[in-house]
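Enquirer: Have a look at this one.
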Amino acid sequence: MQTPAPFEYERATSVEDALALLERHGPDARLLAGGHSLLPMMKLRLARPEVLIDINDLAGLSYIRVDGDHLAIGAMTRHADVLASPVLGEHYSVFHDAERVIADPIVRNRGTVGGSLCQADPSEDLSAVAAALRAEIVIRSTNGSRSVPAREFHTGPYETAVGPAEIVEEIRVPIRPGAGSAYQKVERRAGDWAVAAAGCYVVLEGDTVSEVGIGLTAVGAPHFCAPDAEEWLRGQQPTDGAIATAAQLAADGCEPQSDQRGPADYKRHLAGELTRRALHRAVARARTGSNGQGA
Amino acid sequence: MQVTMTVNGDEVTRDIEPRLLLVHFVRDHLGLTGTHWGCDTSNCGTCVLWMDGEPVKSCTVLAAMADGRDIRTVESLEVDGKLDPVQEGFLREHGLQCGFCTPGMLMTARWLLDRNPDPSEHEIRETICGQICRCTGYENIVRAIRWAADHPAGAEAEEMSA
Chain A
19 MQTPAPFEYE RATSVEDALA LLERHGPDAR LLAGGHSLLP MMKLRLARPE
69 VLIDINDLAG LSYIRVDGDH LAIGAMTRHA DVLASPVLGE HYSVFHDAER
119 VIADPIVRNR GTVGGSLCQA DPSEDLSAVA AALRAEIVIR STNGSRSVPA
169 REFHTGPYET AVGPAEIVEE IRVPIRPGAG SAYQKVERRA GDWAVAAAGC
219 YVVLEGDTVS EVGIGLTAVG APHFCAPDAE EWLRGQQPTD GAIATAAQLA
269 ADGCEPQSDQ RGPADYKRHL AGELTRRALH RAVARARTGS NGQGA
Chain B
114 MQVTMTVNGD EVTRDIEPRL LLVHFVRDHL GLTGTHWGCD TSNCGTCVLW
164 MDGEPVKSCT VLAAMADGRD IRTVESLEVD GKLDPVQEGF LREHGLQCGF
214 CTPGMLMTAR WLLDRNPDPS EHEIRETICG QICRCTGYEN IVRAIRWAAD
264 HPAGAEAEEM SA
């Protein structure tokens, strides 16, 4: 039987209350959102917080909306709500592609966007999506809010820019009219962590790539992104050859580790191949304007 | 700490340790052993019950998190001796052998049919993809859920009206 070590339980009634509790209890307190990453780690004693602050009552942090020229996703938005969101599907089908292969429908009822990013698992899917889209993560403390680029949010495996008395409030994604996006993942079985996965968006001007973002997970890509591949592809025509070269650059930028999900060279191969497939699908979607179900 | 929640329509209050998992709360503190405790890692899905109307894996929810919420377990499916159509479907289509995964499968199936009364085979398989059965190869489980979709009032009601 797996049971977490003893801890004290608090339930926050508001963001202000959560911040006050964090300040009162210090760095040994952890926020508890969906709990589907933190509780398993606590059962294995890989995490041993003294205090858990349950933020599931903060319904005000559960939303998906257009905010000017950005999409705003509240930190407590459940995976199931991301998958069901027409607004996200309209602008970035990469979200729906990724959510379809995150865990399973029951876990997606509980797991949250903010929790996934804060867990900072090196194989987490939305971290690659946020990095690909150059999202901003809004972090709040009693001193106010600050915004951190997704590509600077993760400071290492299971480590983020979030301080001990801070809470992630919102994920902001710039709206890019006409962008096509896609996510490709290989997993050993339904609901597992990725062996490797790649997500991307492209914006075309005529037949030239004017903007591109590429995110990778589970393959040791620094900050979950592939800047060399992006830089090379920007300004190119998205031919098979150009996409293949970008995919190779993405694979070259990875440092995958061999583990029970596969050897390093296989994962590096997947990083390239999945980047290639994701770019092709994103380009096709940008061309047809069908960010949803097409291609 | 003290928690109070509604379980299958009844309000219950208990003193618990904050680290107590919801699956152990319903099984050991309330004696509702219909909910099974399996992998402990949110993979197998036999511990699925409903919290505020949505299925959750209760090995990965603290009982404390259920304080003030509405819990529904597999014991609530049968009402006054009448099986829920999903239970009847599992019976008629041989949707179980050892029965270990069945409580979670039933609760997820009921949730699916409440939201989508006429699911395709793909939708059924997608919905139960976080639940593991080592006996049936899933074929009969899919048929059982489909049977329930085809008989929303159960067979008995249809036979009576025939």
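Chains A and B, in that order, give the protein sequences. Heads up: the first sequence begins at 19 in the working numbering, then just goes up one per residue. Heads up: the second sequence begins at 114 in the working numbering, then just goes up one per residue. Just so you know, even glycine gets a beta-carbon here, dropped at the ideal spot from N, CA and C. These figures come from a predicted structure and were not determined experimentally.
Using three-state DSSP, classify residue 240 of chain B as helix, strand or coil.
Expert: Residue 240 of chain B sits at position 127 when you count from the first residue of the second sequence. Note: residue 240 of chain B maps to helix in three-state DSSP.
Enquirer: If distances are taken between C-alpha atoms only, which option among B:265, B:121 and B:130 comes closest to residue 147 of chain B?
Expert: The residue you call residue 147 of chain B lines up with position 34 of the second sequence. For the residues B:265, B:121 and B:130, the minimum Cα distance to residue 147 of chain B belongs to B:121.
Enquirer: Taking only three categories from DSSP, how would you classify residue 24 of chain A?
Expert: Residue mapping note: residue 24 of chain A aligns to position 6 of the first sequence, counting from 1. DSSP places residue 24 of chain A in the coil class of the three-state scheme, outside both helix and strand.
Enquirer: Determine which residues of the segment 107-130 of chain A have a Cβ less than 9 Å from any Cβ of chain B, and write them out in chain order.
Expert: 118, 121, 122, 123, 124, 125, 126, 127 and 128
Enquirer: Just the C-alpha distance for residue 22 of chain A and residue 62 of chain A, rounded to the nearest angstrom, thanks.
Expert: Translated into positions along the first sequence, residue 22 of chain A becomes position 4. Translated into positions along the first sequence, residue 62 of chain A becomes position 44. Near 7 Å, if we compare the C-alpha coordinates of residue 62 of chain A and residue 22 of chain A.
Enquirer: Would you say residue 154 of chain B reaches chain A, if we count a Cβ-Cβ gap shorter than 8 Å as a contact?
Expert: Residue mapping note: residue 154 of chain B aligns to position 41 of the second sequence, counting from 1. Under the 8 Å criterion on CB atoms, residue 154 of chain B is classed as interfacial with respect to chain A.
Enquirer: Helix, strand or coil for residue 221 of chain B? Go by DSSP, reduced to three states.
Expert: Position 108 of the second sequence, counted from the start, is the residue given in the question as residue 221 of chain B. Residue 221 of chain B: helix per DSSP, three-state reduction.
Enquirer: Is the separation between the beta-carbon of residue 267 of chain B and that of residue 201 of chain B shorter than 8 Å?
Expert: Residue numbering aside, residue 267 of chain B sits at position 154 when the second sequence is read from its first letter. Residue numbering aside, residue 201 of chain B sits at position 88 when the second sequence is read from its first letter. Yes, they are a contact pair.
Enquirer: Mind pulling the chain B residues with CB within less than 7 Å of residue 8 of chain A?
Expert: Residue 8 of chain A is absent from the structure shown; chain A starts at 19 and stops at 313.
Enquirer: At which residue ranges does the segment 160-215 of chain A contain complete alpha helix (DSSP H) runs of 4 or more residues, listed in the order of the chain?
Expert: 168-171
Enquirer: Are the C-beta of residue 61 of chain A and some C-beta of chain B separated by less than 8 Å?
Expert: As a first step, residue 61 of chain A is located in the first sequence; it is residue number 43 there, counting from the start. Cβ-Cβ to chain B under 8 Å: yes for residue 61 of chain A.
Enquirer: Within a Cβ cutoff of 7 Å, which residues of the same chain sit near residue 243 of chain B, ignoring the five residues on either side of it in sequence?
Expert: In the second sequence, counting from the first residue as 1, residue 243 of chain B sits at position 130. Answer for residue 243 of chain B: 158, listed in chain order.
Enquirer: Anything in chain A within Cβ reach of residue 211 of chain B, meaning under 8 Å, just list it in chain order.
Expert: In the second sequence, the residue the question calls residue 211 of chain B occupies position 98. Result: empty, since nearest Cβ-Cβ is about 21 Å, beyond 8 Å.
Enquirer: Use the C-beta contact count for residue 43 of chain A: other C-beta atoms within 10 angstroms, 16 or more gives buried, fewer gives exposed.
Expert: Taking the first residue of the first sequence as 1, we reach residue 43 of chain A at position 25. Buried, since its Cβ has 16 or more Cβ neighbours within 10 Å.
Enquirer: Hey, out of A:308, A:237 and A:158, whose CA is closest to residue 285 of chain A's CA?
Expert: Position 267 of the first sequence, counted from the first residue, corresponds to residue 285 of chain A. Checking every option, the nearest Cα to that of residue 285 of chain A belongs to A:237.
Enquirer: Which residue wins for smallest C-alpha separation from residue 278 of chain B, given the options B:225, B:156 and B:133?
Expert: With chain B represented from 114 up to 275, any question about residue 278 of chain B goes unanswered, as that position is not in the structure.
Enquirer: Could you tell me which residues DSSP pairs with residue 170 of chain B in its beta bridges?
Expert: Along the second sequence, one-based indexing puts residue 170 of chain B at 57. DSSP, once it has assigned bridges, lists B:161 as partnering residue 170 of chain B.
Enquirer: Measuring straight from C-alpha to C-alpha, what distance separates residue 126 of chain A and residue 261 of chain B?
Expert: Your numbering for residue 126 of chain A matches position 108 in the first sequence. Your numbering for residue 261 of chain B matches position 148 in the second sequence. For residue 126 of chain A and residue 261 of chain B, the distance between alpha carbons rounds to 24 Å.
Enquirer: Nearest by alpha-carbon distance to residue 288 of chain A: which of A:180, A:274 and A:299 is it?
Expert: What you label residue 288 of chain A is simply residue 270 of the first sequence in a count that begins at 1. Here the closest residue by C-alpha is A:274.
Enquirer: Figure out for me which residue from B:126, B:181, B:115 and B:173 has the closest Cα to the Cα of residue 137 of chain B.
Expert: Stepping through the second sequence from its first residue, residue 137 of chain B is reached at position 24. When the alpha-carbon of residue 137 of chain B is set against those of B:126, B:181, B:115 and B:173, the nearest one is in B:173.
Enquirer: Below 8 Å, how does it come out for the segment 182-191 of chain A and the segment 251-266 of chain A: are there three or more Cβ pairs, yes or no?
Expert: Fewer than three Cβ pairs drawn from the segment 182-191 of chain A and the segment 251-266 of chain A lie within less than 8 Å of each other, which leaves the two stretches out of contact.
Enquirer: What residues from chain B crowd round residue 22 of chain A, counting only those whose CB sits closer than 7 Å?
Expert: For this step, residue 22 of chain A is matched to residue 4 along the first sequence. Under the 7 Å cutoff, chain B gives 132.
Enquirer: Does the beta-carbon of residue 312 of chain A have 16 or more other beta-carbons within 10 angstroms, so that it is buried, or is it exposed?
Expert: Counting from 1 along the first sequence, the entry for residue 312 of chain A is found at position 294. Model confidence at residue 312 of chain A stands at a pLDDT of 43, short of 50, so the residue's coordinates are unreliable; what they give is reported in the following sentence. Exposed is the call here.
Enquirer: What residue ranges within the segment 83-148 of chain A form continuous alpha helix (DSSP H) runs of no fewer than 4 residues, ordered along the chain?
Expert: 97-102, 104-109, 111-118, 123-126 and 131-137
Enquirer: Beta-carbon within less than 8 Å of residue 163 of chain A's beta-carbon, same chain only, minus the 5 sequence neighbours each way: which residues are those?
Expert: Taking the first sequence and counting its residues from 1, one reaches residue 163 of chain A at position 145. The residues are 156, 157 and 187.
Enquirer: Could you confirm whether any beta carbon from chain A is found closer than 8 Å to the beta carbon of residue 230 of chain B?
Expert: Here residue 230 of chain B refers to the residue found at position 117 of the second sequence. No, residue 230 of chain B does not count as interfacial toward chain A.
Enquirer: For the putative contact between residue 138 of chain A and residue 177 of chain A, defined by C-beta atoms under 8 Å, what is the C-beta separation to the nearest angstrom?
Expert: Translated into the one-based positions of the first sequence, residue 138 of chain A becomes position 120. Translated into the one-based positions of the first sequence, residue 177 of chain A becomes position 159. Indeed they touch by this definition, with Cβ atoms about 6 Å apart.
Enquirer: Where does residue 293 of chain A sit, in a helix, a strand or coil, going by DSSP?
Expert: As a first step, residue 293 of chain A must be located in the first sequence, where it is residue number 275. Looking at residue 293 of chain A - three-state DSSP - the assignment turns out to be helix.
Enquirer: Within the continuous alpha helix (DSSP H) that includes residue 42 of chain A, where are the two ends?
Expert: The residue you call residue 42 of chain A lines up with position 24 of the first sequence. Taken as a continuous stretch (DSSP letters only), the alpha helix (DSSP H) holding residue 42 of chain A covers 33-43.
Enquirer: Can you give me the start and stop residues for the alpha helix (DSSP H) that residue 200 of chain B sits inside?
Expert: As a position in the second sequence, residue 200 of chain B is number 87, starting the count at 1. Element bounds for residue 200 of chain B: 198-205.
Enquirer: Are the C-beta of residue 16 of chain A and some C-beta of chain B separated by less than 8 Å?
Expert: It is not possible to answer for residue 16 of chain A, since the shown part of chain A is limited to 19 through 313.
Enquirer: Between the segment 204-237 of chain A and chain B, which residues of the former have CB atoms less than 8 Å from a CB of the latter, in chain order?
Expert: 208 and 209
Enquirer: For residue 197 of chain B versus residue 191 of chain B, is the C-beta distance shorter than 8 Å?
Expert: By 1-based counting over the second sequence, the position of residue 197 of chain B is 84. By 1-based counting over the second sequence, the position of residue 191 of chain B is 78. Contact flag set, yes.
Enquirer: Which residues of chain B have a Cβ atom closer than 7 Å to the Cβ of residue 54 of chain A, listed in chain order?
Expert: Position 36 of the first sequence, counted from the first residue, corresponds to residue 54 of chain A. For residue 54 of chain A, the chain B residues whose Cβ falls inside 7 Å of its Cβ are 155 and 173, in order along the chain.
Enquirer: DSSP beta-bridge partners for residue 218 of chain A?
Expert: If you number the first sequence from 1, residue 218 of chain A lands on position 200. Bridge partners of residue 218 of chain A: A:200 and A:232.
Enquirer: Report the rounded CA-to-CA distance for residue 91 of chain A versus residue 209 of chain B, giving the unit in angstroms.
Expert: Position 73 of the first sequence, counted from the first residue, corresponds to residue 91 of chain A. Position 96 of the second sequence, counted from the first residue, corresponds to residue 209 of chain B. Spanning the two alpha carbons is a distance of roughly 41 Å.
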